[in-house]
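*Asks:*
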Amino acid sequence: MALRIRKLHAGKDSKAAAIFERFDDEKTVFSFENRAMFGKIETAITRTNDMGRMPLWKEYQTVANYGRPIDENTKRKMVDVRTKPEFCEFYAWLVNVIEPDAVLEFGAGFGASGMYWLAGMGLRDHGKLFSFEPNDIWHPIARANFDTVSDRHELTLGTFEDNIDAVTGKVNIAVIDAIHTREFVVDQFAKVRTVAESGALVLFADINFSDDMKECWSEISQREGFASVWQLSNRVGIVELP
Ligand SMILES: C[S@@+](CC[C@H](N)C(=O)[O-])C[C@H]1O[C@@H](n2cnc3c(N)ncnc32)[C@H](O)[C@@H]1O
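Numbering (the working numbering), first residue to last: 10 to 251.
1. Whole angstroms is fine: what's the gap from residue 125's alpha carbon to residue 162's?
2. Any heavy atom of ligand 1 closer than 6 Å to the CB of residue 203?
3. Please state the DSSP three-state secondary structure of residue 114.
4. For a test of the three-state rule: what should DSSP assign to residue 108, helix, strand or coil?
5. Please list the terminal residues of the continuous beta strand (DSSP E) segment that includes residue 163.
6. Of all the options 31, 183 and 134, which has the alpha carbon lying nearest to the alpha carbon of residue 198?
7. Is the distance from the Cβ of residue 168 to the Cβ of residue 143 below 7 Å?
8. Ligand 1 and residue 122: does any heavy atom of the ligand fall closer than 6 Å to the residue's C-beta?
9. Quick check: is any heavy atom of ligand 1 less than 6 Å from the C-beta of residue 74?
10. Considering only DSSP beta bridges, list what residue 240 is partnered with.
11. Whether or not the stretch 221–228 and the stretch 189–196 are in contact is what I'm after, with contact meaning three or more pairs of Cβ atoms, one per stretch, closer than 8 Å; do they touch?
12. Can you tell me where the alpha helix (DSSP H) holding residue 142 begins and where it ends?
13. In whole angstroms, what separates the C-alpha of residue 110 from that of residue 84?
14. So is the beta-carbon of residue 180 under 6 Å away from any non-hydrogen atom of ligand 1?
15. Taking three-plus beta-carbon pairs below 8 Å as touching, is the stretch 118–134 in contact with the stretch 45–55?
16. Would you mind reading off the limits of the alpha helix (DSSP H) that contains residue 158?
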């Protein structure tokens with residue numbers, strides 16, 4: 010399905026507005042020119058998916074308001090948790106346009122979106138991905154997947170919150186794609202802001218995951234003071250920091 014970028018608000022200082030309005034014109038050619046690399050990534054994803062379902066990080070069992078039933082036997086395979094391909098290609102395009110010094114993403118999951126961030130960095134031969142994954146079964150799989158694309162990454166075994174000092178670069182893009190509840194996301198966003206540069210884009214994954222996440226995004230997106238606020242289809246929210 011085609012990804013749609015919707016502007017919710019943009020002030021006169023927004024730099025993202027001029028960037029995002031290029032996407033519709035550029036996406037088809039970008040996708041075509043990079044089809045070999047994207048094909049290689051999707052092959053790695055299929056290979057990982059064929060490994061089958063693997064246990065979720067145990068902390069999910071303790072989360073209130075999660076929006077999905079979880080017990081000690083809950084498992085997921087890669088396609089269950091991965092960022093969808095059209096969003097992944099947008100991520101690679103965005104890196105190619107912005108040339109960030111650092112992208113911060115948590116969690117890594119099995120590594121799908123991370124491979125696409127790295128693909129964008131490879132096109133520019135610039136930037137580093139700081140990623141985090143606390144699931145000790147999924148973490149080495151994500152690392153191996155990242156390595157199929159590039160070594161421009163530092164993937165920490167553990168949560169972002171407990172390991173924020175691992176982020177040593179200037180973060181121009183950050184993605185919050187971990188436990189999708191307001192309680193976690195609001196606190197994680199506050200921590201992201203301590204390492205993000207002025208003008209950074211902060212992406213919130215799965216904003217319609219549950220009523221709790223809808224409320225979370227509604228609250229964040231209506232806060233005052235962002236340079237701009239966007240939505241990618243109905244899945245990802247974006248704020249441009251002042
Ligand atoms: C939806 S998946 C991420 C999918 C991944 N971005 C992709 O596109 O393939 C969410 C991941 O976040 C991890 N996670 C949960 N809480 C976290 C935290 N506080 N810090 C880092 N990762 C976390 C989970 O273990 C899980 O692997």
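Where a beta carbon is used, it is the ideal one built from N, C-alpha and C, also for glycine. Keep in mind that this is a model prediction, so the values were computed, not measured.
*Replies:* Reading from the atomic positions:
1. By one-based count along the sequence shown, residue 125 stands at place 116. By one-based count along the sequence shown, residue 162 stands at place 153. Roughly 12 Å between the two C-alpha positions.
2. On the sequence shown, position 194 is the one that residue 203 refers to. Outside the cutoff, so no.
3. Taking the sequence shown and counting its residues from 1, the one referred to as residue 114 is at position 105. In the structure shown, residue 114 sits in a strand (DSSP, three-state: E or B).
4. Residue 108 sits at position 99 when you count from the first residue of the sequence shown. Reduced to three states, the DSSP call for residue 108 is coil.
5. Working through the sequence shown from its first residue, we reach residue 163 at position 154. Going by DSSP, residue 163 is part of the beta strand (DSSP E) stretching over 162–166.
6. Taking the first residue of the sequence shown as position 1, residue 198 is located at position 189. Measuring from the Cα of residue 198, the nearest candidate turns out to be 183.
7. Taking the first residue of the sequence shown as 1, we reach residue 168 at position 159. Taking the first residue of the sequence shown as 1, we reach residue 143 at position 134. Yes. Within cutoff.
8. Taking the first residue of the sequence shown as position 1, residue 122 is located at position 113. Yes, the Cβ of residue 122 comes within 6 Å of a heavy atom of ligand 1.
9. For the purposes of this step, residue 74 is identified with residue 65 of the sequence shown, where counting begins at 1. No.
10. One-based indexing of the sequence shown puts residue 240 at position 231. 15 and 246, per the DSSP bridge assignment.
11. Contact holds: three or more Cβ-Cβ distances are below 8 Å.
12. Reading the sequence shown from its first residue, position 133 is the one you call residue 142. In the DSSP assignment, residue 142 falls outside any alpha helix (DSSP H) and within the unbroken beta strand (DSSP E) covering 137–142.
13. By 1-based counting over the sequence shown, the position of residue 110 is 101. By 1-based counting over the sequence shown, the position of residue 84 is 75. Their Cα atoms are separated by approximately 35 Å.
14. Counting from 1 along the sequence shown, the entry for residue 180 is found at position 171. The answer is no for residue 180.
15. yes
16. The residue labelled residue 158 in the question sits at position 149 within the sequence shown. Segment 147–158, the alpha helix (DSSP H) holding residue 158.
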